[in-house]
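A.B. asks: After the structure tokens below, expect a handful of questions from me.
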Amino acid sequence: MVDTDVGRVQYAASNTRVLVFEDSIEARLLYHPDRSFAIEASIDLVKGAKYFDKKPPMHFHVQEEYIECIQGKLGLELDGVEYILTPTHGRVSIKPYTNHRSYPMPLSTQENGNTVVKFLLSGEKTDSVFELSPVFFENWYRYQDDVIVNGAKISSFQLFSTFDAGGSYVSVPPWVPFGQTISITLGVVVGRWLGGLLGYQPFYRKWTTDWDLACEKMEKSFFQRRFADRTKTQ
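Numbering (this note's numbering), first residue to last: 126 to 359.
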């Protein structure tokens, strides 16, 4: 019997829904009793066809992440090896510091006329301020939307700042010595320290539903606490 989170996540009418890439991706923020966050992501391969021709960047997290395909076929690359997940595989663990990325498999490979890929994503509970959380995913999805759909200029400071706040770091090529140490250093020094001094926030009020949680996290960093204004409405 495969391990699965289906049936453990809790759906409610009040769940926050994040729609990006011209509504071709919907991330629904759910509750899971044993996780720091849980998301059901739905990807419409027809509506968002022009956005899914490239794979996302390789990255790693400092906490364990779990992924489970619940509809269609989902690609998962772990340290350079590609796996194709379907609902028969159940929940897959992505261990801390594993270089990885996930992406919908092309429409031509989907079966029975399926045009939507759905998966559950969640993370282990930790005591760290800098961890995968609902506010991280809201801001990360909406920042991508701002850059890719709205044409905003991408910033390395913003990218590293947002990623670092989620305990996530962009992978460097595997042949680079001490690659993960370099990645974490870039996230902390460029994203958290320099980015904070230059005015780059990991979370923005306009992109965040639970602003109190975002402020609570930013207050823990000397370089970001000035952004934690709970009176902000925009």
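We put the CB at the ideal spot given by N, CA and C, even for glycine.
Select from Asp169, Asn275, Val187, Arg226 the residue whose C-alpha is nearest the C-alpha of Gly312.
C.D. replies: To locate residue 312, count along the sequence shown from 1; it is residue 187. Of Asp169, Asn275, Val187, Arg226, the residue nearest in Cα terms is Val187.
A.B. asks: Assign Lys180 to one of two classes, buried (16 or more other C-beta atoms within 10 Å of its C-beta) or exposed (fewer than that).
C.D. replies: Here residue 180 refers to the residue found at position 55 when the sequence shown is read from its first residue. Under this definition Lys180 is an exposed residue.
A.B. asks: Any chance the stretch 331-345 sits against the stretch 244-264, with 3 or more Cβ pairs inside 8 Å?
C.D. replies: Segments in contact, yes.
A.B. asks: Measuring only the C-alpha atoms, how far is Phe146 from Val274?
C.D. replies: Translated into positions along the sequence shown, residue 146 becomes position 21. Translated into positions along the sequence shown, residue 274 becomes position 149. Between Phe146 and Val274, the C-alpha separation is close to 6 Å.
A.B. asks: Do the CB positions of Leu284 and Tyr268 come within less than 9 Å of each other?
C.D. replies: Position 159 of the sequence shown, counting from 1, holds the residue named residue 284. Position 143 of the sequence shown, counting from 1, holds the residue named residue 268. In contact: Leu284 and Tyr268 (Cβ atoms closer than 9 Å).
A.B. asks: Report the option in Gln326, Gly197, Ala166, Ile309 whose CA atom is closest to the CA atom of Phe282.
C.D. replies: For the purposes of this step, residue 282 is taken as the residue at position 157 of the sequence shown. When each option's Cα is compared against that of Phe282, the closest is Gln326.
A.B. asks: Determine, using beta carbons only, whether Arg142 and Arg160 come nearer to each other than 9 Å.
C.D. replies: Translated into the one-based positions of the sequence shown, residue 142 becomes position 17. Translated into the one-based positions of the sequence shown, residue 160 becomes position 35. It is not a contact, given that the beta carbons lie outside the stated cut-off.
A.B. asks: Leaving out five residues on either side along the sequence, give the residues of the same chain with a beta carbon under 7 Å from the beta carbon of Val254.
C.D. replies: The residue you call residue 254 lines up with position 129 of the sequence shown. Only Lys342, Lys345 meet the Cβ criterion.
A.B. asks: Would the beta-carbon of Val295 fall within 9 Å of that of Ser308?
C.D. replies: In the sequence shown, the residue the question calls residue 295 occupies position 170. In the sequence shown, the residue the question calls residue 308 occupies position 183. Yes, the Cβ-Cβ distance between Val295 and Ser308 is below 9 Å.
A.B. asks: Suppose contacts are defined by Cβ-Cβ distances below 9 Å. Is Gly200 in contact with Glu193 by that definition?
C.D. replies: On the sequence shown, residue 200 is found 75 positions in, with the first residue counted as 1. On the sequence shown, residue 193 is found 68 positions in, with the first residue counted as 1. No, the pair does not count as a contact, with Cβ atoms beyond the cut-off.
A.B. asks: Cβ atoms of Glu165 and Phe288: under 9 Å apart, would you say?
C.D. replies: As a working note, residue 288 is residue 163 in the sequence shown. As a working note, residue 165 is residue 40 in the sequence shown. It is not a contact, given that the beta carbons lie outside the stated cut-off.
A.B. asks: Under a three-way DSSP split, which group does Pro212 fall into?
C.D. replies: For the purposes of this step, residue 212 is taken as the residue at position 87 of the sequence shown. Helix.
A.B. asks: Check the DSSP bridge columns for Lys243 and list the partner residues they point to.
C.D. replies: The count along the sequence shown starts at 1 and reaches residue 243 at position 118. DSSP, once it has assigned bridges, lists Ser167, Gln196 as partnering Lys243.
A.B. asks: Mind reading off the beta-carbon distance from Val171 to Thr234? Whole number of angstroms is fine, and I expect it under 8 Å.
C.D. replies: Your numbering for residue 171 matches position 46 in the sequence shown. Your numbering for residue 234 matches position 109 in the sequence shown. No, Val171 and Thr234 are not in contact; Cβ-Cβ is about 14 Å, not under 8 Å.
A.B. asks: Which residue wins for smallest C-alpha separation from Ser167, given the options Met230, Ala277, Pro221, Ser218?
C.D. replies: Residue mapping note: residue 167 aligns to position 42 of the sequence shown, counting from 1. Ranking Met230, Ala277, Pro221, Ser218 by Cα distance to Ser167 puts Met230 first.
A.B. asks: Using DSSP's beta-bridge definition, name the partner residues of Ile279.
C.D. replies: Residue mapping note: residue 279 aligns to position 154 of the sequence shown, counting from 1. None, per the DSSP bridge assignment.
A.B. asks: Measuring CA to CA, which of Ile219, Leu210, Tyr156 is closest to His184?
C.D. replies: By 1-based counting over the sequence shown, the position of residue 184 is 59. Of Ile219, Leu210, Tyr156, the residue nearest in Cα terms is Ile219.
A.B. asks: Beta carbon of Asp130, beta carbon of Ile150: below 9 Å?
C.D. replies: On the sequence shown, residue 130 is found 5 positions in, with the first residue counted as 1. On the sequence shown, residue 150 is found 25 positions in, with the first residue counted as 1. No, they are not a contact pair.
A.B. asks: Do Gln305 and Tyr222 come within 9 Å of each other at the CB atom, strictly closer than that value?
C.D. replies: As a first step, residue 222 is located in the sequence shown; it is residue number 97 there, counting from the start. As a first step, residue 305 is located in the sequence shown; it is residue number 180 there, counting from the start. Yes.
A.B. asks: If distances are taken between C-alpha atoms only, which option among Tyr176, Pro158, Ser293, Asp128 comes closest to Tyr136?
C.D. replies: Residue 136 sits at position 11 when you count from the first residue of the sequence shown. Nearest option by C-alpha distance: Pro158.
A.B. asks: Among Ser139, Asp148, Ala339, which has the Cα closest to the Cα of Lys175?
C.D. replies: Along the sequence shown, one-based indexing puts residue 175 at 50. Of the candidates Ser139, Asp148, Ala339, the one whose C-alpha sits nearest the C-alpha of Lys175 is Asp148.
A.B. asks: Whose C-beta lies closer than 6 Å to the C-beta of Cys340 among residues of the same chain, with five residues either side of it excluded?
C.D. replies: Counting from 1 along the sequence shown, the entry for residue 340 is found at position 215. Result list for Cys340: Ala353, Arg355, in chain order.
A.B. asks: Can you tell me whether DSSP reads Arg153 as helix, strand or coil?
C.D. replies: Along the sequence shown, read from residue 1 onward, the residue named residue 153 stands at position 28. In the structure shown, Arg153 sits in a strand (DSSP, three-state: E or B).
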